[in-house]
Ligand code: HEC
Ligand code: HEC
Ligand code: HEC
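Residue numbers (the working numbering): 13 to 148.
Dropping the structure here:
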């Protein structure tokens with residue numbers, strides 16, 4: 013195969029790989045989609061590491077009562093605007109307020125609640141794939 017053809021094929025396959033990565037979610041982010049998509053919003057991407065380097069675990073997981081489980085908190089916008097969960101900080105004082113919806117609702121449509129690219133989610137999608145293959 014000529015070098016130029018190889019190059020074209022490589023660029024093309026890289027472009028295919030890049031498509032699913034266009035979402036804002038990065039490794040370790042928590043994707044939260046208990047209610048968002050059902051309500052016509054994109055799933056929420058919570059950048060865990062961004063927050064972890066700024067606050068102690070205790071601030072969120074003890075004082076604010078966040079359960080340590082992806083999707084384990086029943087959050088909705090009324091509670092958040094009322095100052096619970098994300099709203100304890102995203103109130104225009106500690107951090108920008110809830111008005112900028114798409115800074116939080118930035119997930120790709122169709123993404124389910126998970127820790128982004130966690131071992132668990134890889135195993136899960138592997139298992140799903142095998143299940144689908146065995147059904148064919
Ligand atoms: C700014 C708030 C905040 C801080 C600080 C924070 N977390 Fe979290 N954490 C969250 C939220 C929000 C979730 C997702 C909960 C959900 O999906 O309902 C989460 C999820 C988790 C999870 C389950 C998902 C996963 O990645 O496995 C663990 C474990 C966890 N946190 C541990 C920690 C530890 C350890 C620290 C300190 C080093 C910490 N968190 C600091 C807010 C925070
Ligand atoms: C303990 C306080 C605190 C809590 C709770 C909190 N945040 Fe934040 N968040 C911050 C601060 C501070 C910033 C940085 C704001 C800035 O740069 O102006 C931030 C920034 C962000 C960013 C932007 C990150 C970036 O790359 O610039 C997103 C997205 C975000 N938060 C989502 C959430 C979501 C979703 C929740 C609830 C699940 C949440 N936050 C809960 C304090 C918090
Ligand atoms: C600071 C982060 C943040 C911002 C900003 C934000 N949301 Fe949310 N929103 C959340 C979280 C977290 C949930 C719960 C996600 C889930 O479980 O699907 C949620 C859930 C929702 C839901 C479904 C639950 C419900 O309350 O009905 C709707 C609709 C929604 N948001 C609309 C909005 C709109 C409209 C805006 C802008 C005016 C906005 N959100 C801004 C974090 C945010």
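A virtual CB, placed ideally from N, CA and C, is assigned to each residue, including glycine.
Residue 67 is positioned such that its CB atom lies no closer than 9 Å to that of residue 98. Excluding its 5 nearest sequence neighbours in each direction, residue 115 has C-beta neighbours in its own chain below 8 Å: 108, listed in chain order. Nearest in C-alpha terms to residue 63, of all of 118, 49 and 72, is 72. Here the distance from the Cβ of residue 64 to the nearest heavy atom of ligand 1 is below 8 Å.
For residue 115, the enclosing alpha helix (DSSP H) has its first and last residue at 113–116. Judged by DSSP secondary structure, residue 44 falls within the beta strand (DSSP E) whose first and last residues are 42–44.
Per DSSP, the continuous beta strand (DSSP E) segment holding residue 58 begins and ends at 56–58. A distance criterion of 8 Å places the beta-carbon of residue 92 beyond contact range of ligand 1, judged by its closest non-hydrogen atom.
In this structure, DSSP gives residue 127 an extended state, which the three-state scheme calls strand.
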